[in-house]
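Working notes, beginning with the structure itself.
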Ligand SMILES: C[S@@+](CC[C@H](N)C(=O)[O-])C[C@H]1O[C@@H](n2cnc3c(N)ncnc32)[C@H](O)[C@@H]1O
Ligand code: SF4
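Numbering (our numbering), first residue to last: 1 to 459.
Here it is, written out as structure tokens:
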């Protein structure tokens, strides 16, 4: 399906562009006072919607592939101190936001949000629902490790407002899970999915998988994906394993166990892709699949698919992101602000009445322009100069100049049938969507010269 010579040519270390600029461009010249001012300023910026993110870093076991900001569940119960600080942080941010602004998304990630007693989640949601107003049909989502879900826990999560559950399945093959130091689901998966749907038939369920791990083969991972189908998840994500051992030392254990090479990884991806498409799913962005009348599919059709730190979303649901908890990243109109990753420092700083900012990035206008082009292309697979220039209130000439547009520079992508260049804009081909990071790089002036930044491989 994907010509192998392209694999050799395009499997490079590249940004994933889940943000622009990528998080390894953040600098330390961002502090509590600057963040306070940016929060106030954000009330005057678009989008006026608010996306809230709550980070719960704790996990009972650390999976060897994990690239997230996760820590082993503490023996001493310092979790209570963490939650108290988090509640305080929400109040500190809330005071600075215009009360007429509405929340469109609330997302809990981690770590493992459902590793902590459910009372804590109820307390956080209670505060958020009392302090903010919401749009109609907001997305209230939580990432859950199925090994720690009980019926009581799920029932209380649904009662406290969640309408989307992302279940981290990763793989059904026990050998793969064991090598990755990952516990399987405790309850049978049909008990979990049926129970959630019995509580509320409108609840949406996502399954997360990851491919590129030791012992995974085309046959084994295809079987895993086939096993998922009868549960009819609304969305499926197949994350390509990002191997960054210089940043996450525990990943070395997987190198020792033997990682599949790029060709095997691509074959696994192709096979999973085929099964999902044949079974009624549509591919969204790089690694997501959705079925039926999912709003991401409709947004893709209407050229309105978008992405922020909460993941794929639509122009209706996206907002400026206000993030709470260690390591979490707020994403305002023209700036990123990341909290410290150190839990004691986080708690102490908040208790002193300051924001626990560690680093961040203030974008200039050119970077906002590049972000718009890359984000739009990666989500919607085409872009017209007029559309983007209109949205940014600049001329088409200014837009082309800012992204260093030069049709001859794109020629290799065109001759490899990844991209079509037209007068009105560019279109990513059916083949090109598998090389979306390579295409994005061509519109990123920061990557036109060699960089000392390290990135995971694109395949
Ligand atoms: C915070 S976890 C989800 C919640 C919960 N901790 C769990 O593992 O089920 C977010 C997702 O990131 C993905 N992930 C973690 N490390 C990754 C890596 N190195 N490369 C690609 N995806 C990764 C996993 O598939 C995981 O489901
Ligand atoms: S994948 Fe999930 S459970 Fe495993 S260590 Fe990472 S955040 Fe924790």
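All C-beta atoms in this analysis are idealised placements derived from N, C-alpha and C, irrespective of residue type, glycine included.
All values reported here derive from a predicted model rather than from experimental measurement.
- DSSP places residue 412 inside the alpha helix (DSSP H), whose first and last residues are 411-415.
- With three or more CB-CB distances shorter than 8 Å, the region 228-238 counts as touching the region 278-295.
- For residue 47, the CB contacts under 7 Å within the same chain, skipping 5 residues up- and downstream, are 318, 319, 320 in chain order.
- Annotated as distal: residue 132 and residue 337, with beta-carbon spacing of 8 Å or more.
- Burial state of residue 4 is exposed, judged by a 10 Å Cβ sphere holding fewer than 16 other Cβ atoms.
- Counted as a single uninterrupted DSSP element, the alpha helix (DSSP H) harbouring residue 81 occupies residues 79-94.
- Leaving aside the five residues that flank residue 350 on each side, the residues in its chain whose CB is nearer than 7 Å to its CB run, in chain order, 85, 88, 89, 356.
- Runs of the alpha helix (DSSP H) spanning 4 or more residues and lying entirely within the region 337-366 occur at 343-351, in chain order.
- Restricting attention to alpha helix (DSSP H) runs no shorter than 4 residues, the region 136-163 encloses them at 151-159, ordered along the chain.
- Distances taken from the Cβ of residue 112 to the heavy atoms of ligand 2 include one shorter than 7 Å.
- Taken through DSSP and simplified to helix, strand or coil, residue 419 comes out as strand.
- Relative to ligand 1, residue 242 has its C-beta within less than 7 Å of a heavy atom.
- Shortest gap from the CB of residue 63 to any heavy atom of ligand 2: under 7 Å.
- For residue 206, the enclosing beta strand (DSSP E) has its first and last residue at 204-211.
- Separation of the CB atoms of residue 239 and residue 210 is rounded to 5 Å, and the pair is thereby assigned contact status at 8 Å.
- Judged by DSSP secondary structure, residue 263 falls within the alpha helix (DSSP H) whose first and last residues are 262-278.
- In this structure, the alpha-carbon of residue 397 lies about 12 Å from that of residue 390.
- DSSP places residue 5 within a helical segment (H, G or I) once states are collapsed to three.
- Of the candidates 334, 168, 114, 296, the residue whose Cα lies closest to the Cα of residue 372 is 334.
- Within 7 Å of the C-beta of residue 221 there is not a single heavy atom belonging to ligand 1.
- Where residue 312 is concerned, the enclosing beta strand (DSSP E) starts and stops at 311-314.
- Remark: the C-beta of residue 68 is in contact range of ligand 2, defined as less than 7 Å to any heavy atom.
- Across the structure, residue 109 and residue 55 are spaced so that their CA atoms are roughly 5 Å apart.
- Membership of residue 394 in any alpha helix (DSSP H) is not indicated, and neither H nor E is assigned to it by DSSP.
- In this structure, the straight-line span from the alpha carbon of residue 377 to that of residue 363 is close to 20 Å.
- Within the model, the alpha-carbon separation for residue 314 versus residue 456 is close to 27 Å.
- When distances are taken from the beta-carbon of residue 170 to the heavy atoms of ligand 1, the shortest one is below 7 Å.
- Exclusion of the five residues before and after residue 65 leaves 180, 210, 213, 241, 251, 254 as the residues of its chain whose Cβ lies within less than 7 Å of its Cβ.
- Taking each of 229, 257, 383, 374 in turn and checking the Cα distance to residue 215, the smallest one comes out for 257.
- Secondary structure of residue 307 (DSSP, three-state): strand.
- CA-CA distance, residue 220 to residue 228, rounds to 13 Å.
- In the three-state scheme derived from DSSP, where H, G and I count as helix and E and B as strand, residue 376 is classed as helix.
- In the structure shown, residue 196 adopts helical secondary structure according to DSSP, grouped into three states.
- Looking from the CA of residue 83, the closest CA among 117, 261, 99 belongs to 117.
- Secondary structure in the region 29-85: the alpha helix (DSSP H) runs of 4 residues or longer, each lying completely within the stretch, are 32-42 in chain order.
- Note that the C-beta distance between residue 49 and residue 111 is not below 8 Å.
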